[in-house]
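Sequences listed follow chains A and B, in order. With the numbering used here as the guide, the letters of the first sequence map in order to residues 1 to 485. With the numbering used here as the guide, the letters of the second sequence map in order to residues 1 to 485.
Protein chains: 2
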Amino acid sequence: MDGAGPEPHLFVVFGATGDLMQRKLLPVLHRLGTGGRWPAGSLVLGVARRPMDDAAFRAMAVGSLGSDPSHPPASARAFCDATLYYQSVPDETAASFAQLRARIERLEREHGLRGNRIFYLALPLEAFGPTLTGLGDAGLHAGPGWTRVVVEKPFGRDLASAEALNRIALRYFDEKQIFRIDHYLGKETVQNLMVFRFANMFIESLWNRERIDAVEITVAESLGVEGRAPYYEASGALRDMVQNHVTQILTLVAMEPPATRDEDSIRNEKVKVLQSVVPLAGDDVVRGQYAAGAIAGSPVRGYREEPGVAPGSSTETFVALRLRIANWRWQGVPFYVRTGKRMPAKSTRVVLTFKAPPVTFFQTAQEYRANPDRISILIQPDEGFELAFEVKVPGRELRVQTHRMKFHYADVFGELPDGYETLLIDVMLGDSTLFVRADEVEASWRLYDPILRNPPPLLPYPAGSWGPDAAQALIAAWGHRWFLE
Amino acid sequence: MDGAGPEPHLFVVFGATGDLMQRKLLPVLHRLGTGGRWPAGSLVLGVARRPMDDAAFRAMAVGSLGSDPSHPPASARAFCDATLYYQSVPDETAASFAQLRARIERLEREHGLRGNRIFYLALPLEAFGPTLTGLGDAGLHAGPGWTRVVVEKPFGRDLASAEALNRIALRYFDEKQIFRIDHYLGKETVQNLMVFRFANMFIESLWNRERIDAVEITVAESLGVEGRAPYYEASGALRDMVQNHVTQILTLVAMEPPATRDEDSIRNEKVKVLQSVVPLAGDDVVRGQYAAGAIAGSPVRGYREEPGVAPGSSTETFVALRLRIANWRWQGVPFYVRTGKRMPAKSTRVVLTFKAPPVTFFQTAQEYRANPDRISILIQPDEGFELAFEVKVPGRELRVQTHRMKFHYADVFGELPDGYETLLIDVMLGDSTLFVRADEVEASWRLYDPILRNPPPLLPYPAGSWGPDAAQALIAAWGHRWFLE
Numbered sequence: 001m002d003g004a005g006p007e008p009h010l011f012v013v014f015g016a017t018g019d020l021m022q023r024k025l026l027p028v029l030h031r032l033g034t035g036g037r038w039p040a041g042s043l044v045l046g047v048a049r050r051p052m053d054d055a056a057f058r059a060m061a062v063g064s065l066g067s068d069p070s071h072p073p074a075s076a077r078a079f080c081d082a083t084l085y086y087q088s089v090p091d092e093t094a095a096s097f098a099q100l101r102a103r104i105e106r107l108e109r110e111h112g113l114r115g116n117r118i119f120y121l122a123l124p125l126e127a128f129g130p131t132l133t134g135l136g137d138a139g140l141h142a143g144p145g146w147t148r149v150v151v152e153k154p155f156g157r158d159l160a161s162a163e164a165l166n167r168i169a170l171r172y173f174d175e176k177q178i179f180r181i182d183h184y185l186g187k188e189t190v191q192n193l194m195v196f197r198f199a200n201m202f203i204e205s206l207w208n209r210e211r212i213d214a215v216e217i218t219v220a221e222s223l224g225v226e227g228r229a230p231y232y233e234a235s236g237a238l239r240d241m242v243q244n245h246v247t248q249i250l251t252l253v254a255m256e257p258p259a260t261r262d263e264d265s266i267r268n269e270k271v272k273v274l275q276s277v278v279p280l281a282g283d284d285v286v287r288g289q290y291a292a293g294a295i296a297g298s299p300v301r302g303y304r305e306e307p308g309v310a311p312g313s314s315t316e317t318f319v320a321l322r323l324r325i326a327n328w329r330w331q332g333v334p335f336y337v338r339t340g341k342r343m344p345a346k347s348t349r350v351v352l353t354f355k356a357p358p359v360t361f362f363q364t365a366q367e368y369r370a371n372p373d374r375i376s377i378l379i380q381p382d383e384g385f386e387l388a389f390e391v392k393v394p395g396r397e398l399r400v401q402t403h404r405m406k407f408h409y410a411d412v413f414g415e416l417p418d419g420y421e422t423l424l425i426d427v428m429l430g431d432s433t434l435f436v437r438a439d440e441v442e443a444s445w446r447l448y449d450p451i452l453r454n455p456p457p458l459l460p461y462p463a464g465s466w467g468p469d470a471a472q473a474l475i476a477a478w479g480h481r482w483f484l485e
Numbered sequence: 001m002d003g004a005g006p007e008p009h010l011f012v013v014f015g016a017t018g019d020l021m022q023r024k025l026l027p028v029l030h031r032l033g034t035g036g037r038w039p040a041g042s043l044v045l046g047v048a049r050r051p052m053d054d055a056a057f058r059a060m061a062v063g064s065l066g067s068d069p070s071h072p073p074a075s076a077r078a079f080c081d082a083t084l085y086y087q088s089v090p091d092e093t094a095a096s097f098a099q100l101r102a103r104i105e106r107l108e109r110e111h112g113l114r115g116n117r118i119f120y121l122a123l124p125l126e127a128f129g130p131t132l133t134g135l136g137d138a139g140l141h142a143g144p145g146w147t148r149v150v151v152e153k154p155f156g157r158d159l160a161s162a163e164a165l166n167r168i169a170l171r172y173f174d175e176k177q178i179f180r181i182d183h184y185l186g187k188e189t190v191q192n193l194m195v196f197r198f199a200n201m202f203i204e205s206l207w208n209r210e211r212i213d214a215v216e217i218t219v220a221e222s223l224g225v226e227g228r229a230p231y232y233e234a235s236g237a238l239r240d241m242v243q244n245h246v247t248q249i250l251t252l253v254a255m256e257p258p259a260t261r262d263e264d265s266i267r268n269e270k271v272k273v274l275q276s277v278v279p280l281a282g283d284d285v286v287r288g289q290y291a292a293g294a295i296a297g298s299p300v301r302g303y304r305e306e307p308g309v310a311p312g313s314s315t316e317t318f319v320a321l322r323l324r325i326a327n328w329r330w331q332g333v334p335f336y337v338r339t340g341k342r343m344p345a346k347s348t349r350v351v352l353t354f355k356a357p358p359v360t361f362f363q364t365a366q367e368y369r370a371n372p373d374r375i376s377i378l379i380q381p382d383e384g385f386e387l388a389f390e391v392k393v394p395g396r397e398l399r400v401q402t403h404r405m406k407f408h409y410a411d412v413f414g415e416l417p418d419g420y421e422t423l424l425i426d427v428m429l430g431d432s433t434l435f436v437r438a439d440e441v442e443a444s445w446r447l448y449d450p451i452l453r454n455p456p457p458l459l460p461y462p463a464g465s466w467g468p469d470a471a472q473a474l475i476a477a478w479g480h481r482w483f484l485e
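As C-alpha cells, then:
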C-alpha cells in the first residue's frame, strides 16, 4: 500500500456540473495534477444531464478553479484542457448509458488507457439507485481493468432505504468495488485516533471503563442551514451528521484494536461497536430547532424563517443523544453525542473524562473541588490533542488548578491535506479502509431508525446557544455535564 | 496550616558572615520584609566567630544585598537597620554560648519578643555537632516560646556520622524541633510531584510496574567545581547530590499515596521506599571524574587541574546508579540515577518511560520502530511536564512520529518563588513536611554507605560529555538507555 502510486484510469464524475464537483473535487484533482500526483495519462470525464461540449465544461471548470487564488489561471487551464472531457447523460435510459459506455471506450482507446475506471456519484440520494442500475445494465460495472464506484452521502435516509441501496449496488458490484464516502474519515485527526490509541500504550491502557467516566462527542457548527434548505429540510441533523460523521468518530473512539491494519479488520471492529450499542429509547434523545438569536453579537433568523424552509418545519437542526455501549470495555461509561447548527462556535471534538481520584488527598480548609482530568481530541477547527490535568499553584499553600498540555497539529505540520484528497487517492489505490462498508452503514441506520420513525418532540433553542435546556438535563440525569460550552 | 502567618520570633543564624547567609538567606529575608510577609517585630541575630558590631554586620548585609538590583539600597538599608543584630561566638565554650543566651534574652526583652527562636545552622558539617551541643548545654534547646533548629546539608558524611549527629541533636531537641533542610524540596516541581500523582487519577493509574518500563533521574550540571574545591574534595557527587537531592526526588516519585497530608504520613511513605530498595552492589554504580574537555565550544580544564583540588584526587564528580525497588508497585522497574558536573547541559529531570504497546499494529513495509512514550518531569532549568507520544504524520501513508505535549510552569505562573523562601516560611510556621526526618536521612545513608566504604574504580570522562561510557553500559546491560542526551 505504500509502494507505487495509483494506476492510470478514467475518472468519471456524475453530477459534474454540481457544487461538490465544482467546489470540492476539481480543486483536489487540479492539486494532484500540479503536485505531480495525478497518475500520468489519467482523464476526467464529467457527466451531467445538460448538453455541453468538452470546451464548455473545461471553461466552467476553469471558472470554478479561478475563484481560489491557489489555482493560477494558466495552470488551471492547462490541466483542464489536458484532462477534462464531458458527456451528457440526459436521463437514466439504457440508450443514454449505452452512449456513455461508447464514449468511455472511445476515450480509453484514443488515449491508450487500459480500462481502469472510477465512477464517482456526486449526486443527490434519489439518483444513486438509478445511476448504479444504469451503470450495471450497461455492463459498466465490469470493464477491461478495475472498476470502482464512489457513493457520496447520504447513503439512504433510513434503514430500509439504505438496505435497498445496498441491494442495488451489490447486484452489480462487489463490496470491494464500492467506496461509500464519509469525508470525516479523510480528516487527519480522525485517522490519527487509531495511532493515538494503538501506538501509545499509556493511552490505550486508560481507554476503558476502569479509567474513563464519560465520553462526549460534540460537532458544533455556528452556520445555519445557509443555501442548503431543500436538502436539509428532507434530512435534518440526525441524518446529516449523526448517522454518518458522528457515528464514525464514535466507532473509532470505542473500537477494540484490530487484528491487522487491513480494511476489513478495522471495519469489523467498527461494526462490533455498533452492534454493542444499547438500543436508544425516546428519552435518550433531544431534538432541537434553532429559533432567532445571535451569533457573535449579530442577530440571525430562526430556521423556520430561512429561505426554502417550511414555516411549520419539523426538521431538527440539533440532536443530543446519550448512548451506552454494552461490551467489556465500555459497560457503564456513557457516550454523549451532540451536534447542531447555530451553536456559539464551530467546534468538533471528543472529550474523554477520567474518573476522579478515589480520595481527595489535597483536601484543605477551603473546600477542594476535584476537577476530573480530561483528554480532548480536537478535530475542528484546530486539530490536535489536549490533556487537562491538575497542577499545584506555586506557593506555600497546597492549592490545585486545572491546566492543559496541548499538541496542535498545525504547530508541527503546518496546513493539513484536504480530507477529500486523502480519500480520492485511496479510491485510486483501491484502499477502502477509510470508507464505510455495507454492513457498517446498515448497522448505523439500525441504531437511529427507531428515532427516525418515532421522533421525540422538537424543542426550539435560540441561535447562538448550546441547544435546548433539555440537552443539559439529558446528561445531568446521568450525573454529567457537557464540557464544551 | 493555611491560616495565620508565622508568629514573631528571633531568627538566629550561625555562619552569618558566610556565603549561604550572605548570598541566599539574606535576600529571602529581605524579600519577606518588603513583601509584608516578615512577621512583625521579628529580628535576625547573626552569629559568627569574628568580632563585629551590629553596625558592621548591617553594612556587610547591605553590601551583599546591593549586588542584586532587585534589592534597592534604601529598602535594604532600612530592613537591615531595623532587623539585623550580630553576636560573636568565637568558640564552642560554655562561656561563649552563655553570652549568646544572654544576648538573645536581652534582645527579646528590649523588643518585646515572647521567646520564639529559630537557630539556623548555616555551617560546615563539622560544626553541626559542637553547635547543637553548645546550644543544648546553654539551655537554648528550650526557651519561653517555641524553639526550632535548622540544619543545612550535608547531614553527615556516611551512615555512622549521620547517626552520631542525630544522636547529638535528639539529645537536646525533639524530632519536631529539627528541620534538616534539602533545598530541592523547596522547588515547586518537586512539591508538585505529589499533586501530579495524587490529584490526577490517570497519572497515578499509570504509575506502576504494569505500565512503566524504567525511570530515569538525571541531575546534570554544566558547571565544574568552581570555588568549592575544599568542600567538594571531601564530599564528591554521591554525598553532595545523590544521598540528598536525588534520593528525595526518587522517594517522591516512587512513594505510595500517604494516608493524610500531614508531615509524618508523607515522610513515612518516603522512608518505606528507601527500605524497599535492593542493596546496591559494586557493579550497580559508575563513578566518574571530569578530565579536560569543552563546554559549549570553550575548553575547560579537568577536575584535578582545578585550584584547590589534589593532583591525584579520587573524588568523583559523576555518579550513575541502577536501583531496584522491591515492592508491589515497582518490582522489575529499574530506576536509573545519574548526576555529574561538567555535563553538556544544566538539566534536572525525571523521565518515566512507558512500556511499549504489546503489538506494533502500525507495522508497514518500512520497519516501524516503536518509540516508547515518556512522561518527563522537568525540575531545572525549566519547571514543568512533557509527555512524549506517537502521532500520525499527515498524509496517506501511515507513518508515526514522536511529538510532545508540554506544560511549562513559567508559561502560566511566571517566575516561581525561591525554594529557600518556601522552606524558611515552613520553618517559621513549624511545618516540617518538606524537611528530612532522622530515620529518612539515615535510611538514605544506609543505602549508599556500602559504596562509600568500598567505592568502585574512578573513571575519567571529558568535560562536556554525559560521563564515562560505563554509565551507558551500566543500563544497556538492563536493556535501556539514558533519554536525556
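Even glycine gets a Cβ: it sits at the ideal position worked out from N, Cα and C. Every value quoted in this text rests on a predicted model; they were computed, and no experiment measured them.
Residues of chain B with CB under 7 Å from residue i, in chain order?
i: Phe-202/A; result: Leu-206, Arg-211, Phe-354, Asp-373
i: Lys-406/A; result: Met-405
i: Thr-422/A; result: Arg-396
Beta-carbon separation of residue i and residue j under 8 Å?
i: Leu-185/B; j: Gln-248/B; result: yes
i: Ile-325/B; j: Val-273/B; result: yes
i: His-403/B; j: Val-350/A; result: no
i: Phe-128/A; j: Leu-121/A; result: yes
i: Ala-61/A; j: Leu-26/A; result: yes
i: His-9/A; j: Ile-118/A; result: yes
i: Arg-287/B; j: Leu-458/B; result: yes
i: Phe-179/B; j: His-141/B; result: no
i: Phe-385/B; j: Asp-373/B; result: no
What residues from chain A crowd round residue i, counting only those whose CB sits closer than 7 Å?
i: Gln-191/B; result: Lys-392
i: Phe-413/B; result: Pro-394
List, in chain order, every chain B residue whose beta-carbon is nearer than 9 Å to that of residue i.
i: Thr-251/A; result: Going along chain B, no residue has its Cβ under 9 Å from Thr-251/A, so there is no contact; the nearest lies around 17 Å.
For a contact meaning CB atoms closer than 8 Å, what does residue i contact in chain B?
i: Ile-425/A; result: Arg-396
Identify the contact partners of residue i in chain A, using a Cβ-Cβ distance below 9 Å as the criterion.
i: Val-400/B; result: Val-195, Ala-199
i: Phe-11/B; result: Those do not exist, as Phe-11/B stays about 17 Å from chain A at its closest Cβ, beyond 9 Å.
Once DSSP output is grouped into helix, strand and coil, what is the label at residue i?
i: Phe-493/B; result: What the structure shows of chain B is the stretch from 1 to 485, and residue 493/B is not part of that stretch, so it cannot be assessed.
i: Lys-392/A; result: strand
i: Gln-366/A; result: At Gln-366/A, the pLDDT of 49 sits below 50, so the modelled position is not reliable; the number obtained from the coordinates is stated separately. DSSP places Gln-366/A in coil when its eight states are reduced to three.
i: Arg-117/A; result: strand
i: Phe-354/B; result: strand
i: Pro-460/A; result: strand
i: Lys-406/B; result: strand
i: Gly-414/B; result: coil
Would you mind telling me which residues of chain A sit closer than 8 Å to residue i, beta carbon to beta carbon, in chain order?
i: Leu-416/B; result: Pro-394
i: Leu-387/B; result: Leu-387, Met-405
i: Pro-357/B; result: Phe-198, Ala-199, Asn-200, Met-201, Glu-204
i: Glu-188/B; result: Lys-392, Pro-394
Notebook entry, point to check: Which ranges does the beta strand (DSSP E) cover as unbroken runs of at least 3 residues, wholly within the region 247-334 of chain B, from first to last along the chain?
Noted result: 285-291, 293-295, 298-300, 318-323
Check: Which parts of the region 147-220 of chain A are runs of the beta strand (DSSP E), unbroken and 3 residues or longer, counting only runs that do not cross its ends?
Finding: 147-151, 178-180, 212-220
Check: So, do the region 42-55 of chain A and the region 139-158 of chain A have three or more beta carbon pairs nearer to each other than 8 Å?
Finding: no
Item checked: At least three beta-carbon pairs within less than 8 Å, the region 197-206 of chain B to the region 330-340 of chain B -> no
Notebook entry, point to check: Which runs of the beta strand (DSSP E), 3 residues or longer, sit entirely within the region 15-61 of chain B?
Noted result: 43-48
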